[in-house]
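What follows is one structure encoded as structure tokens, with my remarks underneath.
Chains as they are written, first to last, in the working numbering: chain D, 10 to 642; chain U, 75 to 360.
Here it is in structure tokens:
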């Protein structure tokens, strides 16, 4: 055992005690020395105010007692706020699972409302259907526990030289941490400190900060000797952020909501500005560790990196290169950011990203039924993914890159995310890929859809913001050209031909449209594609004045979906044109039937605009499996 | 005598359909042979009353026609309410819409009938033509806005319902947006309006350039009211109904003109200066 450090030590030992009073469990600080003393009950320091939050600590084995901090300390709410914005890389101590669970349970007992604040992403993700109260609490606990457990392997290397760490993980935090900050030293009792332990100590330090034990309570009284540790090197914060990102990339399991995915999802705006540049520098170093000059996007600007920062990045790049090929890292990173937006739904940021030439500027405009709902800054995760895949060796020839663009463009069509830059970036790499050409065609067809047209007519944009879209006719023209190119690359695609025919019809080229649609009909057995093809053939035959053929096609469509509204409307309108009012009304009978006499209408026509995105989940899963190793790259 | 109320105009598509008429009421020629027109005659903005068949001059594709019958206030109305219940029609807006619709129902006369059709992306007839306004009110109260706006499809359904009966029908359309979900094209539905005898009044609340409703109401001799807010929707609805009640129903059997195709109409009042509002023509066939 080494000598006591000269500086004051704030030492905390935690154990969970079953709450025996309405005030909840308590943490009492004590200064006992030695293992035996640790097992003795500790003196408790109680705070005066019962209504105010307060915390005391008790030393003890296998238990954590948590109590709210008192008013003399920083209010719990302030810490909660800090906790919200802090990254969590997880802390696992020896014997961690029990301790982690105990910490979580203790938090729940004292202030269940605080637990969701540890899991902000779950709280924010309404799509995860996180209900209030118990379910939020439960989810928060699971999240917290998952994070703690996820870091377990990092701490596994912490071993005592001569002492065996106690099962409940009694730990000591030395002076040097600030509330809400990262501890400089986090020492498992009896264990030697490693940089990994320091990095992994964040959550515990935050937890400890929540306890808000005042400095006066800290007494360097323990006589348990710990190894003397050298002062930690001062690392620029941005390098820390970069390291955490690298760790997240390596740790994240594609398709999973895990600690790795949460790391980039809670970057602050300033951190985004830094990491955007640093990740590109890092990617360049990963490909060539000797590089000294760097060119950044957007704009192709040159960037000078401080020597100490560059040295740290270079060292990190060498470490990563030793573990995995650079291309694999880029792909894993791309999937990490993809999951942040697709699974965690972190495509918008609040507050807005700073206006800066250093990072891509993107607005996300949400509309519904042609009305603008919101306009917010977009996150940079899609841009991250693209710029990292740009660093892959010959991305145009890389199968992962191909599949990733196919999957993500399909995903965006499924969500009606008309993200032109993303589509165009895919086209830049994969102009000779039939599905990519097809998906671009669908993008422009979507811009010509009435819903998009109505929305673009009603948009209210911030000053100096330009939304690039054409007229209905020009967008249909673009769509036609992309579909034509797709068919040139793959003439067998019935789905492409279906969209091509539809677009030709909307452009008034009814004879060509009818021919293409009949080819599409002949080339598919898919009931959904057949339904659309019949419906569209009917429309083209009607436009050509061939009402009998039109009627036949509409009736075929109706036979595939008897509850569908579109074919009935079409048949009715056809009868009305010929002056047959009775038949027109009869064809509409089911549509007009009062609601208590029929079930809800069901018409695939309403989903035509997202038809091309129906296989997004399958495609995304296949891309994830490529990296997970389930499929050969 | 019904005095038109001042204020904002609410455009309703008025679908005139025949109600059960007493024996002494003039009967119409069959739909195939006769053309019926709803005509509003005003002089300095005030409705002109007391006109007879001999007071009207009707030109069909420039060929003078003989007016068989003129009716005023004698034929009960069949009013089809066509209401937008897409996701944007919520809160205060929905409340105003219900209130305005109830006002219309409250202004109906004993033999008047009404039907309710709603549309989001789904078009649904919530109540068939009935004199039981309480039933229609109950369906109004049960409206749950959700989904997109199939204005074009809904309007076609309203025209079809209105066109299904003889008599005087009004199609009153309310929408707060542009079409985002219909299968039918605007051209097809406007042509359906031209082929029918429906008069369409429409209220567009907040939509920029509601060209479809503008063209349809013009084609049917009705009126489009564009409002920014639905606060005065009740007054607008009632004003449209009042305007329609001031219309004459003219009937004539076309002669000297080809049957199929577009028929341009001109209607004048003989011997006096008056403004005549009616549909600009009608379409037979495609």
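All residues carry an ideal CB built from backbone N, CA and C; glycine is no exception.
Would you grab the beta carbon distance between residue i and residue j for me? Rounded to a whole angstrom, and I think it's under 8 Å.
| i | j | result |
| --- | --- | --- |
| residue 171 of chain U | residue 291 of chain U | Residue 171 of chain U to residue 291 of chain U, Cβ: 19 Å. No contact. |
| residue 117 of chain U | residue 313 of chain U | In fact, because the Cβ distance is near 19 Å, the residues do not count as touching under 8 Å. |
| residue 70 of chain U | residue 185 of chain U | Residue coverage of chain U in this structure runs from 75 to 360, which leaves residue 70 of chain U outside it and unanswerable. |
| residue 341 of chain U | residue 352 of chain U | 5 Å |
| residue 297 of chain U | residue 147 of chain U | Incorrect: roughly 19 Å between the Cβ atoms, too far for contact. |
| residue 288 of chain U | residue 114 of chain U | Contact doesn't hold; Cβ gap of about 18 Å is too wide. |
Could you pull out every residue in the same chain whose Cβ sits closer than 7 Å to the Cβ of residue i, ignoring the five residues on either side in sequence?
| i | result |
| --- | --- |
| residue 167 of chain U | 250, 304 |
| residue 539 of chain D | 530, 533, 569 |
| residue 402 of chain D | 336 |
| residue 436 of chain D | 445, 449 |
| residue 292 of chain D | 339, 397, 400 |
Flag residue i as yes if its beta-carbon sits less than 8 Å from any beta-carbon of chain D, otherwise no.
| i | result |
| --- | --- |
| residue 264 of chain U | no |
| residue 242 of chain U | no |
| residue 234 of chain U | yes |
| residue 230 of chain U | yes |
| residue 282 of chain U | yes |
| residue 212 of chain U | no |
| residue 148 of chain U | no |
| residue 161 of chain U | yes |
| residue 153 of chain U | no |
| residue 196 of chain U | yes |
| residue 308 of chain U | no |
| residue 255 of chain U | yes |
| residue 215 of chain U | no |
| residue 97 of chain U | Residue placement at residue 97 of chain U is flagged as unreliable, the pLDDT there being 40, under the threshold of 50; the coordinate-derived value follows with that caveat. Not one chain D Cβ lies under 8 Å of residue 97 of chain U. |
| residue 199 of chain U | yes |
What does a CB cutoff of less than 8 Å around residue i pick up in its chain, not counting 5 residues either side in sequence?
| i | result |
| --- | --- |
| residue 335 of chain U | 357, 358, 359 |
| residue 455 of chain D | 422, 425, 427, 461, 618 |
| residue 597 of chain D | 577, 578, 581 |
| residue 255 of chain U | 194, 195, 221, 222, 223, 224, 227 |
| residue 324 of chain D | none |
Closest to residue i by C-alpha separation, out of the options, would be which residue?
| i | options | result |
| --- | --- | --- |
| residue 431 of chain D | D/413, D/441, D/481 | D/413 |
| residue 282 of chain U | D/300, D/530, D/588, D/464 | D/464 |
| residue 196 of chain U | U/181, U/177, U/228 | U/228 |
| residue 265 of chain D | D/350, D/589, D/250 | D/350 |
| residue 547 of chain D | D/440, D/270, D/561, D/370 | D/561 |
| residue 600 of chain D | D/334, D/624, D/578, D/489 | D/578 |
| residue 273 of chain U | U/137, U/212, U/355 | U/355 |
| residue 333 of chain D | D/267, D/287, D/256, D/386 | D/256 |
| residue 245 of chain U | U/175, U/216, U/130 | U/175 |
| residue 545 of chain D | D/252, D/572, D/277, D/510 | D/510 |
| residue 383 of chain D | D/374, D/390, D/471, D/589 | D/374 |
Using C-beta distances below 6 Å, list every residue in its chain close to residue i, excluding the 5 sequence neighbours before and after it, in chain order.
| i | result |
| --- | --- |
| residue 576 of chain D | 563, 566, 567 |
| residue 632 of chain D | 412, 413, 416 |
| residue 499 of chain D | 443 |
| residue 325 of chain U | 102, 108, 110, 142, 143 |
| residue 516 of chain D | 485 |
| residue 303 of chain D | 290, 293, 312 |
| residue 489 of chain D | 512 |
| residue 213 of chain U | 190, 200, 201 |
| residue 407 of chain D | 401 |
| residue 593 of chain D | 581, 584, 585 |
Closer than 8 Å, CB to CB, is residue i near chain U or not?
| i | result |
| --- | --- |
| residue 378 of chain D | yes |
| residue 581 of chain D | yes |
| residue 634 of chain D | no |
| residue 410 of chain D | no |
| residue 600 of chain D | yes |
| residue 335 of chain D | no |
| residue 588 of chain D | yes |
| residue 574 of chain D | yes |
Tell me whether residue i counts as near the ligand ATP, meaning its Cβ is closer than 7 Å to at least one heavy atom of that ligand.
| i | result |
| --- | --- |
| residue 309 of chain D | With respect to small molecules bound, the structure shown includes none, and the ligand ATP cannot be examined in it. |
For this session: Could you pull out every unbroken beta strand (DSSP E) segment of at least 3 residues lying fully inside the stretch 256-342 of chain U, listed in chain order?
Result: 273-279, 297-301, 322-326
Problem set entry | Those runs of the alpha helix (DSSP H) which lie wholly inside the stretch 477-549 of chain D and span at least 4 residues | 481-498, 503-515, 519-531
For this session: Within the stretch 177-211 of chain U, note down every full beta strand (DSSP E) run reaching 3 residues or more, in order along the chain.
Result: 187-193, 197-204
Exercise. Enumerated in chain order, which unbroken segments of the alpha helix (DSSP H) with a length of 4 residues or greater are wholly contained in the stretch 268-296 of chain D?
Worked result: 268-274, 278-296
For this session: Go through the stretch 308-343 of chain D residue by residue and report every complete run of the alpha helix (DSSP H) that reaches 4 residues or more, in order.
Result: 316-332
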